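Numbering (our numbering), first residue to last: 121 to 523.
Structure follows, in structure tokens:
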């Protein structure tokens, strides 16, 4: 049977797995129940399975019947601290936690890919690494897995790596999209604490108020990103938390704020890193205030190897039809720790539209919303693409001749 036909044959099991994962979501690097479900789904397949030391990851290696290179396929498994507000029959049973970003679909699709490729083991010239990763939502699970050796688990570095990510809106159902070069922004955090001298709100001249200076920094940062950066190589800086004081008539000793910073090139990243810190320190000095500024680098820019992005486009067209693929015109402002893998191995990050067909793709709640709904009818097509990418990428590289 063809890959798509085989994918249809395993679809029912993938739906059951995805819904079981959705109903019992877990956060961060410790996902014991999720790990158990993945291990059970892989049980009986001809895989070399290992688990993480500092996190509940699962790594599985499929050894092809013939020698060849290695390809890595990745799925993230963690959920979000979001209270679900859907009417799904398999709604989260864990208060305050939801698979609002579709990682339950990613996990099920990668299990499906493992099943499809194990059935084709005799035709594989090389190895496939299946990377089931916790902690994508801010805990750098990919970085932890790289540190624990996922890129070398087969005995040699992969020649390519691929990841799929579903969206609940923005892309038509079943549409695959990617781009050459930068595909997702880098993500950093700017954390600022301004310290002065508190006092009575009626006598500010006897205190040294940190609040107006901190507010000035917030405003100045917004001006900075619109006046110092090329509009075609932008920076996004959003202050999402600001804390100061306990009462309206009390000047506090300190004010704190935290911003998320997104950029799309190494030059812009360097400029915002140095410039934002310098700007905040300068304003504090002008007001005679002490300041602590930390620019915390989180996830680097996610960059697709151009040739691998073109390879994805070709495989999607041959597997699912040319109408099912679109080139993304620009990078997305989200970020991903799959960037850790792509910094070491050429590959591609691919988006798959999973908006239910009865919803307006432009108006439906997007990923991370408590009302986000993903159509599990895309599971088979995602599994088929994962598997076909590995199968064809291994076939592209000839094993070295032996003497």
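We treat Cβ as the ideally placed atom computed from N, Cα and C, and that holds for glycine. None of the values given here were measured: they were computed from a predicted structure.
Taking residue i as the reference, give the member of the options with the closest Cα.
| i | options | result |
| --- | --- | --- |
| residue 342 | 382, 248, 487 | 382 |
| residue 419 | 384, 400, 324 | 384 |
| residue 362 | 338, 356, 371 | 338 |
| residue 192 | 202, 237, 163 | 237 |
| residue 204 | 136, 277, 369, 145 | 145 |
| residue 296 | 358, 442, 242, 130 | 442 |
| residue 148 | 439, 479, 260 | 260 |
| residue 223 | 159, 248, 137 | 137 |
| residue 497 | 131, 124, 126, 123 | 131 |
| residue 172 | 305, 141, 251, 428 | 251 |
| residue 127 | 452, 233, 433 | 233 |
| residue 197 | 166, 268, 164, 156 | 156 |
| residue 124 | 516, 434, 507 | 507 |
| residue 150 | 468, 281, 239, 199 | 199 |
| residue 469 | 430, 184, 479, 356 | 430 |
| residue 456 | 359, 444, 471 | 471 |
| residue 164 | 186, 188, 235 | 235 |
| residue 336 | 349, 352, 325, 359 | 359 |
| residue 340 | 438, 249, 397 | 397 |
| residue 453 | 516, 356, 391 | 356 |
| residue 509 | 287, 483, 439, 485 | 439 |
| residue 183 | 392, 380, 249 | 249 |
Tell me the rounded alpha-carbon separation between residue i and residue j.
| i | j | result |
| --- | --- | --- |
| residue 253 | residue 177 | 5 Å |
| residue 376 | residue 334 | 7 Å |
| residue 436 | residue 487 | 23 Å |
| residue 504 | residue 228 | 12 Å |
| residue 346 | residue 463 | 29 Å |
| residue 500 | residue 311 | 43 Å |
| residue 409 | residue 344 | 21 Å |
| residue 230 | residue 414 | 38 Å |
| residue 323 | residue 411 | 23 Å |
| residue 301 | residue 477 | 30 Å |
| residue 216 | residue 175 | 22 Å |
| residue 283 | residue 513 | 14 Å |
| residue 243 | residue 210 | 38 Å |
| residue 274 | residue 139 | 31 Å |
| residue 492 | residue 321 | 45 Å |
| residue 425 | residue 327 | 56 Å |
| residue 247 | residue 257 | 28 Å |
| residue 240 | residue 268 | 29 Å |
| residue 407 | residue 152 | 51 Å |
| residue 369 | residue 490 | 37 Å |
| residue 392 | residue 305 | 13 Å |
Run through DSSP, which three-state label would residue i get?
| i | result |
| --- | --- |
| residue 168 | strand |
| residue 520 | Unreliable positioning characterises residue 520 in this predicted model, as indicated by a pLDDT of 47, which lies under 50. The coordinate reading is nonetheless provided below. Correct three-state label for residue 520: coil. |
| residue 136 | helix |
| residue 431 | helix |
| residue 187 | strand |
| residue 438 | helix |
| residue 323 | coil |
| residue 229 | helix |
| residue 483 | coil |
| residue 216 | coil |
| residue 207 | coil |
| residue 490 | coil |
| residue 285 | strand |
| residue 266 | helix |
| residue 277 | coil |
| residue 416 | strand |
| residue 503 | helix |
| residue 291 | coil |
| residue 314 | strand |
Using a Cβ-Cβ cutoff of less than 8 Å, which residues in the same chain neighbour residue i once the five nearest sequence positions on both sides are dropped?
| i | result |
| --- | --- |
| residue 481 | 289, 290, 291, 292, 293, 473, 475 |
| residue 213 | 143, 144 |
| residue 373 | 315, 316, 317, 318, 330 |
| residue 109 | Within the shown structure, residues of the chain are numbered from 121 to 523, placing residue 109 beyond reach of any answer. |
| residue 366 | 372 |
Sorry if obvious, but does the Cβ on residue i come closer than 6 Å to a heavy atom of the ligand NAD?
| i | result |
| --- | --- |
| residue 374 | Only the bare structure without any ligand can be found here, which leaves the ligand NAD out of the picture. |
Closer than 7 Å by C-beta to residue i: which residues in its own chain qualify, once you throw out the five before and the five after it? Chain order, please.
| i | result |
| --- | --- |
| residue 460 | 262, 263, 266 |
| residue 416 | 308, 309, 311 |
| residue 122 | none |
| residue 520 | Reliability of the predicted coordinates at residue 520 is poor, the pLDDT of 47 falling under 50, and the value obtained from them is presented with this limitation in mind. So the list is empty, once near-sequence residues are dropped. |
Among residues of its own chain, excluding the 5 on either side of residue i, which ones have a beta-carbon nearer than 6 Å to its beta-carbon?
| i | result |
| --- | --- |
| residue 331 | 364, 375 |
| residue 523 | The predicted position of residue 523 is uncertain, since its pLDDT is 38 and thus under 50; no value can be drawn from it. |
| residue 170 | 179 |
| residue 378 | 311, 361 |
| residue 502 | 229, 284, 472 |
Rounded to whole angstroms, how far is the Cβ of residue i from the Cβ of residue j, which I believe are closer than 8 Å?
| i | j | result |
| --- | --- | --- |
| residue 202 | residue 220 | 5 Å |
| residue 276 | residue 154 | Rounded, the Cβ-Cβ distance is 29 Å, inconsistent with contact. |
| residue 423 | residue 271 | That pair is no contact at about 16 Å. |
| residue 188 | residue 245 | 4 Å |
| residue 494 | residue 286 | 6 Å |
| residue 348 | residue 395 | 6 Å |
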